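Peer 1: In the working numbering, the protein residues as written are 2 to 152.
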């Protein structure tokens with residue numbers, strides 16, 4: 002095979018891959034649009050509110066209680082490093098969990114070195130209890146059946 006034929010073959014493979022990615026993104030967008038229209042329906046608003054409340058409660062239970070971070074970073078120039086440090090300083094979690102953030106204003110290249118430790122607890126019975134509550138809710142069952150029939 003000639004080199005030009007190999008290059009054409011590689012180009013065609015890249016085009017095919019990009020085409021499949023575009024189709025997958027369109028399919029996901031269509032699915033999200035369908036689910037959004039279902040959730041905006043008056044009939045399913047109680048189910049959406051119930052699911053949102055349960056999801057929020059589950060996230061509060063699962064979210065880590067301790068998060069330690071040691072970060073040393075540079076963006077390559079002192080002005081943007083200072084701006085990035087200012088943005089990081091706006092997060093109150095940095096003060097609550099005592100993050101150790103050290104900017105490097107003298108570095109010529111951008112880099113970030115981090116060491117972190119996350120601690121928390123996940124109780125299976127919390128998730129099981131919420132799952133049972135969702136399954137017992139009539140509005141949620143109706144929403145599930147509707148979504149199942151559409152797809």
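Yeah, the Cβ is synthetic: ideal placement off N, Cα and C, and Gly gets one too. All values reported here derive from a predicted model rather than from experimental measurement.
For residue 71, is the classification buried or exposed, using 16 other Cβ atoms within 10 angstroms of its Cβ as the cut-off for buried?
Peer 2: Mapped onto the chain shown, residue 71 falls at position 70. Residue 71 should be labelled exposed.
Peer 1: Report the rounded CA-to-CA distance for residue 90 versus residue 135, giving the unit in angstroms.
Peer 2: Translated into positions along the chain shown, residue 90 becomes position 89. Translated into positions along the chain shown, residue 135 becomes position 134. Rounded to whole angstroms, residue 90 to residue 135 spans 39 Å at the Cα level.
Peer 1: What is the DSSP secondary structure of residue 1, reduced to helix, strand or coil?
Peer 2: Nothing can be reported for residue 1, as the shown portion of the chain is limited to 2 through 152.
Peer 1: Inspect the beta-carbon positions of residue 77 and residue 110 and report whether they are closer than 8 Å.
Peer 2: Counted from its first residue, the chain shown places residue 77 at position 76. Counted from its first residue, the chain shown places residue 110 at position 109. A contact, by the Cβ cut-off of 8 Å.
Peer 1: Apart from the five residues on each side of it in sequence, which residues of its chain come closer than 7 Å, Cβ to Cβ, to residue 79?
Peer 2: Counted from its first residue, the chain shown places residue 79 at position 78. 106.
Peer 1: Distance, Cα to Cα, residue 142 vs residue 96?
Peer 2: Within the chain shown, residue 142 is the residue found at index 141, counting from 1. Within the chain shown, residue 96 is the residue found at index 95, counting from 1. Residue 142 and residue 96: Cα-Cα distance of roughly 43 Å.
Peer 1: Name the residue from 52, 121, 59 whose alpha carbon lies nearest to the alpha carbon of residue 65.
Peer 2: Locating residue 65 in the chain shown gives position 64, counting from the first residue. Cα-wise, what sits closest to residue 65 is 121.
Peer 1: Identify every residue that forms a DSSP beta bridge with residue 101.
Peer 2: Translated into positions along the chain shown, residue 101 becomes position 100. 71, per the DSSP bridge assignment.
Peer 1: Among the candidates 73, 52, 118, whose CA atom is the shortest distance from the CA of residue 108?
Peer 2: On the chain shown, position 107 is the one that residue 108 refers to. Residue 73 is the option with its Cα nearest to residue 108.
Peer 1: When every heavy atom of the ligand HEM is checked, does at least one fall within less than 7 Å of the C-beta of residue 91?
Peer 2: Of ligands this structure carries none, so the ligand HEM is not represented either.
Peer 1: For the putative contact between residue 45 and residue 140, defined by C-beta atoms under 8 Å, what is the C-beta separation to the nearest angstrom?
Peer 2: Counting from 1 along the chain shown, the entry for residue 45 is found at position 44. Counting from 1 along the chain shown, the entry for residue 140 is found at position 139. At roughly 7 Å, the Cβ-Cβ gap stays under 8 Å, so residue 45 and residue 140 are in contact.
Peer 1: Smallest Cα separation from residue 62: which of 27, 16, 123?
Peer 2: By 1-based counting over the chain shown, the position of residue 62 is 61. Comparing Cα positions, the closest option is 123.
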